[in-house]
Amino acid sequence: MEHTYQYAWIIPFLPLPVTMSIGVGLLLIPTATKKIRRMWAFTSILLLSIAMVFSANLSIQQINGSFIYQYIWSWTINNDLSLEFGHLIDPLTSIMSILITTVGLLRLVGILVLIYSDNYMSHDQGYLRFFAYMSFFNTSMLGLVTSSNLIQIYIFWELVGMCSYLLIGFWFTRPTAASACQKAFVTNRVGDFGLLLGILGFYWITGSFEFRDLFEIANNLIHNNGINSLFATLCASLLFLGAVAKSAQFPLHVWLPDAMEGPTPISALIHAATMVAAGIFLVARLLPLFIAIPYIMNFISLIGVITLLLGATLALAQRDIKRSLAYSTMSQLGYIMLALGIGSYRAALFHLITHAYSKALLFLGSGSIIHSMEPIVGYSPEKSQNMVLMGGLTRYVPITRTTFLLGTLSLCGIPPLACFWSKDEILNDSWLYSPIFAIIAFFTAGLTAFYMFRVYLLTFDGHLRVHFKNYSSTKNSSLYLISLWGKERPRGVNRNLLLSTTNNKVSFFSKNTSKIDNNVRNRIRYFSTYFGNKYTSMYPHESDNTMLFPLIILVIFTLFIGSIGIHFDEGIIDFDILSKWLTPSTNLFHVGSDYPVNSYEFFTNAIFSVSIGILGLFIAYIFYGSTYSFFKNLDLINFFVIVKGTFKRTFLDQIKNVIYNWSYNRGYIDSFYTRFFTIGIRGLTELTQFFDRRIIDGITNGVGITSFFIGEGIKYMGGGRISSYLFLYLSSVSIFLFIY
Numbered sequence: 001m002e003h004t005y006q007y008a009w010i011i012p013f014l015p016l017p018v019t020m021s022i023g024v025g026l027l028l029i030p031t032a033t034k035k036i037r038r039m040w041a042f043t044s045i046l047l048l049s050i051a052m053v054f055s056a057n058l059s060i061q062q063i064n065g066s067f068i069y070q071y072i073w074s075w076t077i078n079n080d081l082s083l084e085f086g087h088l089i090d091p092l093t094s095i096m097s098i099l100i101t102t103v104g105l106l107r108l109v110g111i112l113v114l115i116y117s118d119n120y121m122s123h124d125q126g127y128l129r130f131f132a133y134m135s136f137f138n139t140s141m142l143g144l145v146t147s148s149n150l151i152q153i154y155i156f157w158e159l160v161g162m163c164s165y166l167l168i169g170f171w172f173t174r175p176t177a178a179s180a181c182q183k184a185f186v187t188n189r190v191g192d193f194g195l196l197l198g199i200l201g202f203y204w205i206t207g208s209f210e211f212r213d214l215f216e217i218a219n220n221l222i223h224n225n226g227i228n229s230l231f232a233t234l235c236a237s238l239l240f241l242g243a244v245a246k247s248a249q250f251p252l253h254v255w256l257p258d259a260m261e262g263p264t265p266i267s268a269l270i271h272a273a274t275m276v277a278a279g280i281f282l283v284a285r286l287l288p289l290f291i292a293i294p295y296i297m298n299f300i301s302l303i304g305v306i307t308l309l310l311g312a313t314l315a316l317a318q319r320d321i322k323r324s325l326a327y328s329t330m331s332q333l334g335y336i337m338l339a340l341g342i343g344s345y346r347a348a349l350f351h352l353i354t355h356a357y358s359k360a361l362l363f364l365g366s367g368s369i370i371h372s373m374e375p376i377v378g379y380s381p382e383k384s385q386n387m388v389l390m391g392g393l394t395r396y397v398p399i400t401r402t403t404f405l406l407g408t409l410s411l412c413g414i415p416p417l418a419c420f421w422s423k424d425e426i427l428n429d430s431w432l433y434s435p436i437f438a439i440i441a442f443f444t445a446g447l448t449a450f451y452m453f454r455v456y457l458l459t460f461d462g463h464l465r466v467h468f469k470n471y472s473s474t475k476n477s478s479l480y481l482i483s484l485w486g487k488e489r490p491r492g493v494n495r496n497l498l499l500s501t502t503n504n505k506v507s508f509f510s511k512n513t514s515k516i517d518n519n520v521r522n523r524i525r526y527f528s529t530y531f532g533n534k535y536t537s538m539y540p541h542e543s544d545n546t547m548l549f550p551l552i553i554l555v556i557f558t559l560f561i562g563s564i565g566i567h568f569d570e571g572i573i574d575f576d577i578l579s580k581w582l583t584p585s586t587n588l589f590h591v592g593s594d595y596p597v598n599s600y601e602f603f604t605n606a607i608f609s610v611s612i613g614i615l616g617l618f619i620a621y622i623f624y625g626s627t628y629s630f631f632k633n634l635d636l637i638n639f640f641v642i643v644k645g646t647f648k649r650t651f652l653d654q655i656k657n658v659i660y661n662w663s664y665n666r667g668y669i670d671s672f673y674t675r676f677f678t679i680g681i682r683g684l685t686e687l688t689q690f691f692d693r694r695i696i697d698g699i700t701n702g703v704g705i706t707s708f709f710i711g712e713g714i715k716y717m718g719g720g721r722i723s724s725y726l727f728l729y730l731s732s733v734s735i736f737l738f739i740y
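Quick note: the sequence shown uses full-length UniProt numbering, first residue 1, plus one each step.
Shown next as structure tokens:
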């Protein structure tokens, strides 16, 4: 067993040969490298699979043995500084490793993303570059989670940031992608600077970068008042600042929605198991230190609860399917950060696991949807990712629809899907910690159900809207905007069209495919052509098997991964592998990992949270579903049209528009940063440039010009005689000596 642990350092470096080989191949033999590009994809998947098997083996040994293994190499040793490198294998490491790449017990996201990417990126010119970046991304993240000290974490932390910059800006020719990767880089630099200062601060306090030494020395100093508590809190806050930026917590969350400019597989990897999880990992790794420092845990929980509510409200009116999921990720990470802040270590990691698989399923499902829409609307993200142009995809992509629905219900906390078990545990623990935080968390659970089911209904319910909308981004297409959050008044709207029915259903987006002229339908349906051997239709189509296979596997995990954390004291249901797995880590900060609850008590408490989730689903269905009987009985559509056309906006309309403006404008946070920080920094740079060119350069150039003219004036005074020059020289020296 020890022999296996001793060679665990190989895990982070297994994906690295693909990156190096592709780089060398493109440099030396580009033509041959491009011809065998599918081989590089296969090699990348194979090496990541080997890393998965290795990690799963270590995890099984750890569950059975319940111990922590650390292997260290000395890099440099002297009297003033000692640097060591190594790998640390504990429950947190194994959980994170399994989430980063997988196909074993839990190790699935990375490999499935690579399998999915092979088809998704097959026609992209940057195919090889994509897999090189992906492999290096996996190497960096695996190196981060296996690091044994803060310096090693910081090195891989920076590599993760660099890889995310490259992947977000993968399509760098798009101005939006170039801007998004710069935004992510700059925002994360703020957190990285804080992280570096925090690391140096704790090294000054403890004299060590190693985790065990850091925890023991810091705890002793704090408990014995051997250090200023304010300084320790400041250093801990700086460490937490790095996690805030990397995990997109308020107020450094602004980069996350724009990160959707990268390819969809990148979005799945960033949001499920890599970059955003890095901040959660850092807080979980340093939790024994944070627990000992006054007020820092309260600060962590406060940031978490603000983030979970803010992310949910910002997701309410998004039209971009990937951006909606991005804000959902932000909100769910807020739940995890809240759990860590209240000391619920087990619940935090449990939700990290369940959320990773559910969110990977949703992002890969959205990629399948986008892939099916691109032949119709074009390859611009503004069109292919716009939910206003979708609708009615159930009949065209049934497998994607089923998998997306299960991922949606899981994230909404509907039993018995994965996120139900973990989210409910966080909600119960938050109630014990702070009723105010619990109320916000419960309310956000309802918002989560609302906006996630809204995404599902806009995408799959009703009828395909792209054929009935001018999607050229002009103002005359406002009829088909989302009704609840519509900002423009429709011009020349046929009210009968709003009430049109198809198969005894009302379309909330007002179109009637059954009554369109047959000639028009024929032109739409049969306007198709052949490009080579590929048939292109004007209707969406289901994705290939290589894209559907990862979705089906992720569905299995979404259905059953929650069982690893179920533990009731009656012994009737006891699959609680997670508590046993986490025992060595929880012992570090004296928190029990085995706390079974009564099944009756658990399900009684769950009734309230599930009811809130179902209420959110129901409200979303009212606003975005196509239920004929409901609207016929209440006549809501006629009422809406009459009020909208004849009276001023009611108070409810004003509330809806306030919520819309808040959500669509990202809570005005980006505008605030642009006005006060971006413009301010640009003004400072202009002032600095003026000072540099006019003052600094002016003095230097002025001295040179003055010397030139003085020399020109003096050279005619001597008449070209050496004796005259000597006389002037001696006279000048004499005057100088006389003065001083």
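Glycine included, C-beta positions come from ideal geometry on N, C-alpha and C.
Check: State the CB to CB distance for the pair H463 and G407, rounded to an integer number of angstroms; the pair is presumed to be in contact (CB under 8 angstroms).; Outcome: 23 angstroms between Cβ atoms; not a contact.
Check: Are I612 and A445 close, meaning C-beta to C-beta below 7 angstroms?; Outcome: yes
Check: Could you give the distance in angstroms between the alpha-carbon of W171 and the alpha-carbon of G562?; Outcome: 37 angstroms
Check: Can you check DSSP and say which residues form a bridge with E261?; Outcome: Per DSSP, none; premise fails for E261.
Check: So, is W73 buried or exposed, given that buried needs 16 or more other C-beta atoms within 10 angstroms?; Outcome: exposed
Check: Thinking A312 and S331 are a contact (beta carbons under 8 angstroms), I'd like their distance in whole angstroms, please.; Outcome: 5 angstroms
Check: Helix, strand or coil, according to DSSP, for W75 in the structure here?; Outcome: strand
Check: Suppose you measure from the CA of K183 to the CA of L559; what does that come to, to the nearest Å?; Outcome: 36 angstroms
Check: What three-state label does DSSP hand N665 in the structure shown?; Outcome: coil
Check: Using the three-state DSSP reduction, which class does Q654 fall into: helix, strand or coil?; Outcome: helix
Check: Going by C-alpha to C-alpha distance, which of V283, P15, N225 sits closest to F137?; Outcome: P15
Check: Within the chosen definition, does the region 207-217 reach the region 285-304 through at least 3 CB pairs nearer than 8 angstroms?; Outcome: yes
Check: Out of A360, P12, V190, state which residue places its alpha-carbon closest to the alpha-carbon of I50.; Outcome: P12
Check: Let me know the alpha helix (DSSP H) ranges lying completely inside the region 369-401, each 4 residues or longer, listed in chain order.; Outcome: 381-384
Check: Using a threshold of 7 angstroms, state whether the C-beta atoms of A317 and Y624 are closer than that.; Outcome: no
Check: Just reading off the beta strand (DSSP E) that G226 is part of, what are its end residues?; Outcome: Segment: none, G226 is in no beta strand (DSSP E) and carries neither H nor E.
Check: The beta strand (DSSP E) that contains G207, what's its start and end?; Outcome: Run containing G207: none; DSSP gives neither H nor E here.
Check: Leaving out five residues on either side along the sequence, give the residues of the same chain with a beta carbon under 7 angstroms from the beta carbon of Y295.; Outcome: T233
Check: Indicate the three-state DSSP secondary structure (helix, strand or coil) for L88 in the structure shown.; Outcome: strand
Check: List in chain order: all unbroken alpha helix (DSSP H) runs of 4+ residues lying wholly within the region 398-428.; Outcome: 398-411
Check: Classify S723: buried if its beta carbon has 16 or more other beta carbons within 10 angstroms, exposed otherwise.; Outcome: exposed
Check: Between the alpha carbons of L58 and Y5, how many angstroms are there, rounded?; Outcome: 7 angstroms
Check: Using CA coordinates, which residue listed in G201, T146, F131 is at the minimum distance from I45?; Outcome: F131
Check: For L314, which residues from the same chain have a beta carbon less than 7 angstroms from its beta carbon, with the 5 sequence-adjacent residues on both sides left out?; Outcome: Y327, S663, R666, G667
Check: In the DSSP output, what is D697 paired with across the bridge?; Outcome: None, per the DSSP bridge assignment.
Check: Mapping DSSP to helix, strand and coil, what is S324?; Outcome: helix
Check: In the DSSP assignment, what residue or residues form a beta bridge with N149?; Outcome: E210
Check: Taking 7 angstroms as the limit between beta carbons, can you name the residues of its chain near L409, skipping five residues before and five after?; Outcome: L417
Check: Which residue wins for smallest C-alpha separation from M452, given the options F363, D258, S208, E712?; Outcome: F363
Check: Tell me, which residues are paired with S723 by DSSP?; Outcome: S723 pairs with nothing; no bridge assigned.
Check: Whole angstroms are fine: how far does the CA of Y335 sit from the CA of I564?; Outcome: 19 angstroms
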